[in-house]
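Written below as structure tokens is the structure these notes are about.
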Amino acid sequence: MAEAAVQAPVTRPVVRTRVRRRRSPLGVTGRYAVLVGIALVYVFPFVVSLANSFKTDQDAANNPVSLIPKTFTTAAYQRLFQSDLPLWLTNTVIVTVLVTAGRVLFDSMAGYALSRLPFRGRNAVFAGLVAVMAVPGVVLLIPKFLVIKQLGIYDTYPGMILPMLADAAGVFIMRNFFESVSPSVEEAARIDGAGVFRRFWSVVLPMSRSALITLFVLSFQASWNELPQMIVSTQSPRLFTLTKGTAQLASGALSAGSQFPIKLAAATLMTIPVAVLFFVFQRRMMNTTGGATKE
Numbered sequence: 566m567a568e569a570a571v572q573a574p575v576t577r578p579v580v581r582t583r584v585r586r587r588r589s590p591l592g593v594t595g596r597y598a599v600l601v602g603i604a605l606v607y608v609f610p611f612v613v614s615l616a617n618s619f620k621t622d623q624d625a626a627n628n629p630v631s632l633i634p635k636t637f638t639t640a641a642y643q644r645l646f647q648s649d650l651p652l653w654l655t656n657t658v659i660v661t662v663l664v665t666a667g668r669v670l671f672d673s674m675a676g677y678a679l680s681r682l683p684f685r686g687r688n689a690v691f692a693g694l695v696a697v698m699a700v701p702g703v704v705l706l707i708p709k710f711l712v713i714k715q716l717g718i719y720d721t722y723p724g725m726i727l728p729m730l731a732d733a734a735g736v737f738i739m740r741n742f743f744e745s746v747s748p749s750v751e752e753a754a755r756i757d758g759a760g761v762f763r764r765f766w767s768v769v770l771p772m773s774r775s776a777l778i779t780l781f782v783l784s785f786q787a788s789w790n791e792l793p794q795m796i797v798s799t800q801s802p803r804l805f806t807l808t809k810g811t812a813q814l815a816s817g818a819l820s821a822g823s824q825f826p827i828k829l830a831a832a833t834l835m836t837i838p839v840a841v842l843f844f845v846f847q848r849r850m851m852n853t854t855g856g857a858t859k860e
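Written out as structure tokens, the structure reads:
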């Protein structure tokens, strides 16, 4: 009797086929087309401003959207530099440098205190800080004017600078960054007898380079383009900044007729420093936690 061979069930190897997703060339092209379109929408007004600044008054009035001047001229820039532009630029540089330095220092110190120092009411102070960020800036213009008048610093440099030396958004950014830094990095300095300010200045602050750069760029941009604060704090033409002077071009004697080129030339010159600063520090601004040691 032949033994029936018990055959094991034959298992067929499982053939795994990888399904490769191929990106449709039209899909990639479409995405790039959308991105390019959005970029053009944002860039086009600036390009129109730049093109019109090199036109004659009549050409800018007749062909405001044309990107190629019929007659290329720098007359608008020459007239602008013969005006009070150097005085406006000097005032703007003074205000921007002092305000930016003050915000970087005071916002960092306040953010460190809210993050590290245990004191009663710390959470309430932080909640109040967040609440201030939700208040529209225009609502605070009249209270700022009244405080500046009571302090006797109206129509002076301190009146332009002091109210802007710290801002809630900067404190919020620095406080959140310091929260991401492990307290253990300060232990060695604490054991060596370093005080609070020494630990802040020598240990934590050098680690927050990316956050400081972000705060520096945002503070520079905000103070360079600030207009409402300059309106409520100054009156004399000798204290005009670029924003207030340019606003006067659009509403004062030079606004007569269709003198678009000189106004757009002033706007173009104002944009250049902020744009250069943003492009230089763009990559570092994105990495706001760079250098931090997390637990």
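If you use our numbering, the sequence shown corresponds to residues 566 to 860, in order.
Glycine included, C-beta positions come from ideal geometry on N, C-alpha and C.
Beta-carbon separation (whole angstroms), residue i vs residue j, contact threshold 8 Å
i	j	result
Ala675	Val736	5 Å
Gly686	Ser798	That belief does not hold up - the Cβ atoms of Gly686 and Ser798 are roughly 31 Å apart, past 8 Å.
Phe671	Ala731	4 Å
Leu770	Ser680	So it is not a contact: roughly 12 Å between Cβ atoms.
Residues of its chain near residue i, where Cβ-Cβ distance is below 6 Å and the 5 sequence neighbours each way are ignored
i	result
Val768	Glu751, Ala754
Pro793	Leu706
Phe765	Tyr677
Ile718	Gly724
Lys620	Pro634, Pro826
Contacting residues, own chain, Cβ-Cβ under 8 Å from residue i (five flanking each side not counted)
i	result
Ala831	Leu645, Leu650, Leu807, Gly810, Thr811, Leu814
Leu842	Val782, Phe785, Gln786
Where residue i falls: helix, strand or coil (DSSP)
i	result
Phe846	coil
Glu751	helix
Pro793	helix
Leu783	helix
Val746	coil
Ser631	coil
Arg774	helix
Gln824	coil
Ile718	coil
Gly760	coil
Leu863	Nothing about residue 863 can be reported from this structure: the residues present for the chain run from 566 to 860 only.
Gly686	coil
Phe611	helix
Leu730	coil
Gln800	coil
Residue range of the unbroken alpha helix (DSSP H) whose run includes residue i
i	result
Asp622	622 to 627
Asn656	650 to 681
Pro701	Unbroken run through Pro701: none, as it is neither H nor E.
Gln643	640 to 646
Ile726	722 to 726
Spatial neighbours of residue i in its chain, beta-carbon cut-off 7 Å, leaving aside the 5 residues before and after
i	result
Thr833	Ser614, Leu615, Ser618
Met795	Met725, Thr806, Thr808, Lys809
Requested in this report: Could you say if the segment 607 to 616 and the segment 629 to 648 meet the contact criterion of at least three C-beta pairs nearer than 8 Å?
Outcome: yes
Query raised in the report: Given 8 Å as the limit, is there contact between the segment 686 to 701 and the segment 750 to 770, that is, 3 or more CB pairs closer than that?
Result: no
Query raised in the report: Between the segment 649 to 662 and the segment 840 to 848, do three or more beta carbon pairs fall short of 8 Å?
Result: no
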